[in-house]
């Protein structure tokens, strides 16, 4: 009798445990999401940017400050730690045309005073995804990392007739500053397939770079090295995104062939047509209205 009681209690305990595991497995099933744990998203974007470009000389005196416009082209990768939090990195840069005589006191002739200033950054990104559906992924992000500002100005040699000469160009001025940058903003991704989608983002940034002072080869001449550069601005980017790694624990939806979808659509259309015919049969052909 005692053994029978123990066996009965073990069977009841086993049934309760089995029901608990079955209920747990059902609750773990999730709806498909555009961003989820262990997903990896890659984005290639580009767009316009505007920034306040400010420089200081090696003594700390501000040289020049002005708002300029440029363009940006980054590469973004993000990995989902949870369904709401992601980490990743961004790599890219902006390009601006600046007057080196104004910003760096280069003292170059007017025909050779424009420099193509390029910024490069590599940042570690942290993101939070407050709104995610099956197709839409909206997130807020903040990032910080390495920053670099560089550019050079070359002479345009011309011959006696004013045409561009085949002689090699001479470097007239160069700038190479390194520092740090912080960026913050919002991103929105919309997927039109399980893997591919489009992305747009708006952000603000602040980058600072400083060049190491160089010795001047000309004695008693002005030394225009050791300048600090800061860019504070806004940017907008648009591009494509690609997502890999399948979502785990998602509810499996029944996949239908194109033939089944076609038959289902035709049956719905036929049912609607029959309903319209039945409704039209009930309507009188003539209506007599007494005044």
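In the numbering used here, the protein residues as written are 265 to 555.
The beta carbon of each residue, even a glycine, is placed where N, CA and C say it ideally should be.
The structure displayed is predicted, hence computed values, not measured ones.
Could you check the C-alpha separation between residue 315 and residue 496 for me, to the nearest Å? Locating residue 315 in the chain shown gives position 51, where the first residue counts as 1. Locating residue 496 in the chain shown gives position 232, where the first residue counts as 1. So the two alpha carbons sit approximately 5 Å from each other.
Quiz item: Taking Cβ to Cβ, would you say residue 469 is nearer than 9 Å to residue 446?
Solution: Here residue 469 corresponds to residue number 205 of the chain shown, with the count starting at 1. Here residue 446 corresponds to residue number 182 of the chain shown, with the count starting at 1. Between residue 469 and residue 446, the C-beta spacing is below 9 Å.
Less than 6 Å between C-beta atoms, sequence neighbours within five positions excluded: which residues of the same chain meet that for residue 464? Numbered from its first residue, the chain shown carries residue 464 at position 200. If you ignore the 5 residues before and after residue 464, its C-beta comes within less than 6 Å of the C-beta of 452, 502, all in its own chain and listed in chain order.
### Message
I'd like to know whether the C-beta atoms of residue 443 and residue 474 end up nearer to each other than 9 Å.
### Response
For this step, residue 443 is matched to residue 179 along the chain shown. For this step, residue 474 is matched to residue 210 along the chain shown. For residue 443 and residue 474, yes; Cβs fall inside 9 Å.
Next on the checklist: Between 359, 383, 418, 414, which has its C-alpha nearest residue 618's C-alpha?
Outcome noted: There is simply no residue 618 to check, as the chain begins at 265 and stops at 555 in what is shown.
Quick one: is residue 557 buried, meaning 16 or more other Cβ sit within 10 Å of its Cβ, or exposed?
What is shown of the chain runs 265 to 555, which leaves residue 557 out entirely.
Rounded C-alpha distance that separates residue 401 from residue 393:
Along the chain shown, read from residue 1 onward, the residue named residue 401 stands at position 137. Along the chain shown, read from residue 1 onward, the residue named residue 393 stands at position 129. One C-alpha to the other measures close to 7 Å.
Quiz prompt | Segment contact flag, the segment 526-533 with the segment 329-347, C-beta cutoff 8 Å, min 3 pairs | solution = Counting C-beta pairs closer than 8 Å gives fewer than three between the segment 526-533 and the segment 329-347, which falls short of the contact rule.
How should residue 302 be labelled, buried or exposed, when 16 other C-beta atoms within 10 angstroms of its C-beta is the threshold for buried? Mapped onto the chain shown, residue 302 falls at position 38. Taking every protein chain shown into account, the CB of residue 302 has fewer than 16 other CB atoms within 10 angstroms, so this residue is exposed.
Residue of 382, 460, 508, 368 minimising C-alpha distance to residue 322:
Translated into positions along the chain shown, residue 322 becomes position 58. Selection 382, 460, 508, 368 evaluated against residue 322 yields 368 as nearest (Cα-Cα).
According to DSSP, simplified to helix, strand and coil, what is residue 376?
For the purposes of this step, residue 376 is identified with residue 112 of the chain shown, where counting begins at 1. Helix.
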